[in-house]
Amino acid sequence: MTIPPPIAPPRAAATSPRSIFIRRTGRASSIAPPGLPGRLDSLTSLRFFAAFAVFAHHFTGLGGKTGLGRAPAIFPYSQLGAHGVTFFFVLSGFLLTWVFKPHEHPIAFYWRRAARIWPAVLVSAILAVYVFYVEARLTIDWPGVIASLFLVQNWFPHINPSLPGNPVTWTLSVEILFYALFPLLARIVVRLRTVHLAALSALGLVGMYAVNWWAATHTSTATAAWIMRHPVVYLPQFLLGMTFAVALQRGWRPRLHPAIPIGLLALYVYGYFHARLYLSKAGIAQLEYTLRPTLAVLAALLIVAFVQREVAGHRGVMNSKPLILLGTWSYCFYLLHHSISRWATYEWGRIPDNNSALFTMLGMGLVVTALSWVLHSLVEEPANRWLVRHIPARW
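If you count the sequence shown from 1, position 4 lands on 40 in the working numbering, and the numbers rise without skipping.
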């Protein structure tokens with residue numbers, strides 16, 4: 037795996053306060069200026085930590101007798117690990133924009149995306165259907181399972197169970213909408229001034245808050261859950277990632293050390309749970325409605341902090357080969373982890389709720405990592421290479 041050599045960051049073209057957001061031209065006719073690396077290893081490494089956060093959430097559960105086991109050292113904080121997917125949504129917008137090819141045919145883009153994500157989805161679905169239906173002694177909901185294989189299960193209401201097939205693929209159902217819109221969105225985004233993109237992103241996050249509030253207060257619990265998982269609701273997070281990618285490519289370089297967003301994230305997670313002890317019911321509800329937009333901003337800041345250091349030539353632990361490998365396998369890790377955790381629960385029951393559960397969680401994490409390497413090496417990567425080689429010539 038080749039790591040690009042250090043590359044000096046492009047110089048800012050303006051010194052006015054407005055240059056924080058925009059170069060003097062304000063537009064980008066080409067989204068990939070010369071001198072910027074296409075590969076960002078630090079973001080590959082961060083993907084693993086986001087996937088592991090989701091794994092920790094599913095391992096410890098939400099309370100009661102959910103999950104395989106609960107360690108007081110990380111619970112209830114691990115519940116917010118479910119929102120590791122927010123990082124993925126912001127990251128998708130960032131990375132797709134960072135490597136955007138203006139002259140690539142949209143069908144070729146769709147083909148490449150399908151080649152990357154679909155083979156592993158199909159194979160991991162076999163284990164998921166066995167665990168979540170056969171082991172759970174539930175009748176297989178074939179329409180829901182088929183919808184999950186085509187990654188459109190979130191698009192339609194009243195699917196029962198609400199997360200059919202491999203439950204974690206609901207996030208890929210969200211990503212499918214992002215991919216569908218990206219060729220059009222990217223061509224619009226690169227023509228807008230960065231300050232206007234920032235304003236649109238902010239409005240989108242406010243809209244996300246408003247939808248969460250409206251769904252929770254004006255619809256049934258089931259309908260609200262569907263609305264809050266609908267792909268359209270997450271578009272502002274994707275747009276936020278696109279906006280920050282464009283801003284960095286146009287020369288924006290905030291003084292932001294990675295320790296700052298990491299510290300802010302830790303403080304927010306701690307404060308989120310401890311504030312609930314003192315807030316009224318209405319206050320707790322507002323905390324819930326602002327959760328997704330707030331975490332999206334923190335995810336974007338985390339991405340920016342690492343990318344600008346990598347572009348400037350800095351190499352740190354996030355550029356180490358072991359973490360890059362874990363990040364490379366993280367997609368398969370994400371697809372497999374919930375099935376394996378639930379399978380263990382069915383086979384051996386819940387383990388005692390004490391801090392020794394951390395060792396079980398880490399051990400299971402190693403097992404999932406090994407299986408992820410197998411799935412990546414035997415399915416994801418070879419299938420992707422074969423399919424990409426066979427893109428029809430007319431595209």
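By construction, the Cβ of each residue, glycine as well, lies at the ideal position given by its N, Cα and C atoms. All figures in this text were calculated on a predicted structure; none of them were measured in a lab.
Whole angstroms is fine: what's the gap from Ser78's alpha carbon to Arg173's?
42 Å
Can you list, in chain order, the residues of its chain with a C-beta nearer than 6 Å to that of Pro193? Leave out the 5 residues immediately preceding and following it.
Trp262
Since Ile224 and Phe280 should fall inside the 8 Å C-beta cutoff, what is the C-beta to C-beta distance between them, to a whole number of angstroms?
Ile224 to Phe280, Cβ: 16 Å. No contact.
Is the beta carbon of Val181 closer than 8 Å to that of Ile212?
no
Going straight from the alpha carbon of Gly117 to that of Ile195, what length do you get?
25 Å
Mind the definition here: the segment 381 to 389 touches the segment 405 to 421 only if three or more C-beta pairs lie below 8 Å; say whether that holds.
no
What span of residues does the alpha helix (DSSP H) with Lys317 cover, start to end?
317 to 325
Would Leu331 count as contacting chain C if we go by Cβ distances under 8 Å?
Included in the structure is just one protein chain, with no chain C present.
Would Ala107 pass as a contact of Leu394 if the rule is Cβ separation under 8 Å?
yes
Over the uninterrupted alpha helix (DSSP H) stretch that includes Thr205, give me the two end residues.
Looking at the DSSP string, Thr205 is not in any alpha helix (DSSP H), and its letter there is neither H nor E.
CA-to-CA distance, His373 to Gly401, given in whole angstroms
8 Å
To which residues of the same chain is Thr396 closer than 7 Å at the C-beta, ignoring the five residues directly before and after it?
Gly105, Ile387
Let me know the secondary structure DSSP gives Gly277 once reduced to three states.
helix
Using only the alpha-carbon positions, how far apart do Arg425 and Leu158 sit?
20 Å
Helix, strand or coil at Phe192 [DSSP, three-state]
coil
Ignore the nearest five residues each way along the sequence and tell me which others in Trp379's own chain have a CB closer than 6 Å to its CB.
Val167
Tell whether a beta-carbon distance below 8 Å holds between Ser209 and Asn190.
yes
What's the gap between the Cα of Tyr306 and the Cα of Arg312?
10 Å
Helix, strand or coil at Ile110 [DSSP, three-state]:
coil
Output the boundary residues of the alpha helix (DSSP H) element that contains Gly402.
Per the sequence shown, the amino acid found at residue 402 is Leu instead of Gly. Leu402 -> alpha helix (DSSP H) spans 393 to 411.
Burial state of Val204, where buried means 16 or more other Cβ atoms lie within 10 Å
buried
Quick one: what does DSSP say His426 is sitting in, helix, strand or coil?
coil
Under three-state DSSP, which class holds Arg421?
helix
Taking its Cβ as the centre, do 16 or more other Cβ atoms sit within 10 Å of Phe274, making it buried, or is it exposed?
buried
Alpha carbon to alpha carbon, how far is His94 from Leu411?
20 Å
For Gly319, does the count of other Cβ atoms within 10 angstroms reach 16, so buried, or fall short, so exposed?
exposed
For Gly363, which residues of its own chain have a beta-carbon under 6 Å away from its beta-carbon, when the five flanking residues on both sides are left out?
Thr80, Ser81, Arg83, Phe84
Keeping to the same chain, check which residues put their C-beta closer than 8 Å to that of Glu324; ignore five residues upstream and five downstream.
Asn248, Ala252
Give a yes or no on whether the C-beta atoms belonging to Tyr304 and Phe125 are separated by under 8 Å.
no
Does Arg421 pass the burial test, meaning 16 or more other C-beta atoms within 10 Å, or should it be called exposed?
exposed
Tell me the rounded alpha-carbon separation between Asn355 and Arg75.
11 Å
Would you kindly check if the distance between the Cβ of Ala335 and the Cβ of Phe91 is under 8 Å?
no
Specify the secondary structure class of Val226 as computed by DSSP and reduced to three states.
coil
In this structure, does DSSP put Leu414 in helix, strand or coil?
helix
Beta-carbon contacts of Leu276 that lie in its chain and below 6 Å, excluding the five residues immediately before and after:
Val126, Ser237, Ala332, Ala336
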